[in-house]
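Asker:
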Amino acid sequence: MIWKCKICNKTWHYSSAISPMLNNDKWLQILNYYNIKNKRNTFICYKCMEKALGRKLKKSDLVDKKYSFNDEFRYWYPFYK
Ligand SMILES: [Zn+2]
31 MIWKCKICNK
41 TWHYSSAISP
51 MLNNDKWLQI
61 LNYYNIKNKR
71 NTFICYKCME
81 KALGRKLKKS
91 DLVDKKYSFN
101 DEFRYWYPFY
111 K
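With my numbering, the residue at position 32 of the sequence shown is 62, and numbering never jumps.
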């Protein structure tokens with residue numbers, strides 16, 4: 031399945047690992063930044079997430095629950111320690 035980032039229009043084959051699920055407040059902050067009303071089924075890549083937040087993603091931005099795609103993201107993404 032190919033996903034297209036709503037913001038930068040870049041296409042990705044594996045949506046999950048490059049678009050982690052964030053805590054609700056961070057997600058809303060990003061949607062507000064881009065003025066997106068549709069909260070569901072909106073795919074935004076991590077690069078555009080970071081642009082909206084004005085910084086790199088942190089581990090604490092990701093939801094705590096067990097999601098396999100967040101695990102994938104954690105696995106490859108170089109979080110600042
Ligand atoms: Zn993007």
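Beta carbons: idealized from backbone N, C-alpha and C, even for Gly.
All values reported here derive from a predicted model rather than from experimental measurement.
With a threshold of 7 Å, establish whether the CB of residue 40 neighbours any heavy atom of ligand 1.
Answerer: yes
Asker: Under 8 Å Cβ to Cβ from residue 64, same chain only, skipping five residues before and after it: list those, please.
Answerer: 36, 37, 74, 78 and 82.
Asker: Consider the C-beta atom of residue 77 and the heavy atoms of ligand 1; say whether any pair is separated by less than 7 Å.
Answerer: yes
Asker: Assuming contact is defined by CB atoms lying nearer than 8 Å, are residue 91 and residue 40 in contact in what I supplied?
Answerer: For the pair residue 91 and residue 40, the CB atoms are not nearer than the 8 Å cut-off.
Asker: Let's test the definition: count the other Cβ atoms within 10 Å of the Cβ of residue 109 and tell me whether it reaches 16, buried, or not, exposed.
Answerer: exposed
Asker: Report yes if the CB atom of residue 51 is closer than 8 Å to the CB atom of residue 107, and no otherwise.
Answerer: no
Asker: Mapping DSSP to helix, strand and coil, what is residue 56?
Answerer: helix
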